[in-house]
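K.L.:
Below is a structure I'd like to ask you about.
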Amino acid sequence: MKKLHFFAAIIGIIVMSMAFYSCEKNASGRNTLSLVDDGTVMTMAQEQYTAFLNENPPVTGTPEADKVARVSTRVIGGVQQYLSDIGQSGLVSGYQWEFNLINNEQANAWCMPGGKIVVYSGILPLTATDDELAVVVGHEIAHAVLKHGNERLSQQLLASYGGAALSTLMSQNPSDAQQLFAAAFGVGSTLGTLAFSRKQETESDEAGLYYMAYAKYNPNAAVTFWEKMQQQSTANPPEILSTHPSDDTRIADIKTFLPKAMEYYNKQQ
Ligand SMILES: [Zn+2]
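Take the sequence shown: its letter number 135 is residue 1078 in my numbering, and every next letter is one higher.
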């Protein structure tokens, strides 16, 4: 019995020290768990994105598709300008940006590492103006830039696989690795997805506001958009809330970021 306790303690120490040594600061300055290397993540993201689009062909040549293209292009420009101004262009150096509208009634959107943006047609009725769509696109890009999916994936690797590296899991059990990846990055629809934490949500709300402000979209639209989400959350909760959990403090937090965002917005030509 004593021996068992001893081994359990040793294993506990090993796992905890792996977690400790695998910590890195994300772009918001928070210590995050990182058991996945960016190269592996980019490769898997590209594979999943391609597979997703094969099953969900993008809509082209409609006013809605044009709106997604117009807003995404401008927000991407804002992201690049903002990161350049704060000396963090390296965060998107390997990105090859793409954006798509797909026909799906879910009110949802995501951005994979590497800059692959997908907007579901179901969210368009909730984003009446370009400013409101910019809120969604900016927020999703922020999750990718701040490596939140990598963090969720690392937490799952620690919880379910004792902190194995993703590349190890890939070689030993590729289907588990792919399922874990899809859940962590919110791509899977049938497999279930993992929700971002409230900390991650707040970080993305803040960074997303700055990106859209740099793109000359009015950051005040974030308040109206999330108010709409909240109103809908009881009767008919939009899909986006299941991966992007909200609470009463979200709008209050956004308001504390608005003065700085408006400063950026007013500086743009
Ligand atoms: Zn989110």
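All C-beta atoms, glycine included, are put in the ideal place defined by N, C-alpha and C.
Just tell me which of A1138, E1083, G1081, F995 has its CA closest to the CA of S1185.
P.N.:
Comparing Cα-Cα distances from S1185 to each of A1138, E1083, G1081, F995, the minimum goes to A1138.
K.L.:
Return the chain-ordered ranges of every alpha helix (DSSP H) run that is complete within the segment 1047-1130 and spans a minimum of 4 residues.
P.N.:
You should have 1073-1088, 1091-1104, 1109-1115, 1117-1127.
K.L.:
Verify whether the separation of the beta carbon atoms of K1059 and A988 is less than 9 Å.
P.N.:
Cβ distance < 9 Å, so K1059 and A988 count as in contact.
K.L.:
Report all residues from its chain with a CB closer than 6 Å to the CB of P1188; omit the five preceding and five following residues, and keep chain order.
P.N.:
Once the five neighbours on either side are set aside, the close Cβ partners of P1188 are A1138.
K.L.:
Determine which residues share a DSSP beta bridge with F1042 and list them.
P.N.:
Note: F1042 sits in a beta bridge opposite I1060.
K.L.:
If we ignore side chains and look at the alpha-carbon of each, how far apart do E990 and T983 end up?
P.N.:
Whole-angstrom Cα-Cα distance: 11 Å.
K.L.:
Using CA atoms only, rank isn't needed, just tell me which of V1014, E1041, V1080 is closest to N1051.
P.N.:
It is V1080.
K.L.:
For N997, name the three-state secondary structure that DSSP assigns.
P.N.:
Three-state result, N997: helix.
K.L.:
For T975, count the other beta carbons within 10 Å of its own beta carbon; 16 or more makes it buried, fewer makes it exposed. Which is it?
P.N.:
Classification of T975: buried, given that the 10 Å Cβ count is 16 or more.
K.L.:
Provide the residue span of the alpha helix (DSSP H) that contains T1177, from first to last.
P.N.:
First-last of the alpha helix (DSSP H) with T1177: 1164-1178.
K.L.:
Does K1191 pass the burial test, meaning 16 or more other C-beta atoms within 10 Å, or should it be called exposed?
P.N.:
Correcting the residue type first, residue 1191 is Asp in the shown sequence and not Lys. Classification of D1191: exposed, given that the 10 Å Cβ count is below 16.
K.L.:
Which two residues bound the contiguous alpha helix (DSSP H) that contains K1203?
P.N.:
Element bounds for K1203: 1192-1210.
K.L.:
Assuming K968 is part of the beta strand (DSSP E), what are its boundary residues?
P.N.:
Looking at the DSSP string, the run of the beta strand (DSSP E) that includes K968 is 966-968.
K.L.:
Smallest Cα separation from A1150: which of L1076, V1022, F1042, F1124?
P.N.:
Comparing Cα positions, the closest option is V1022.
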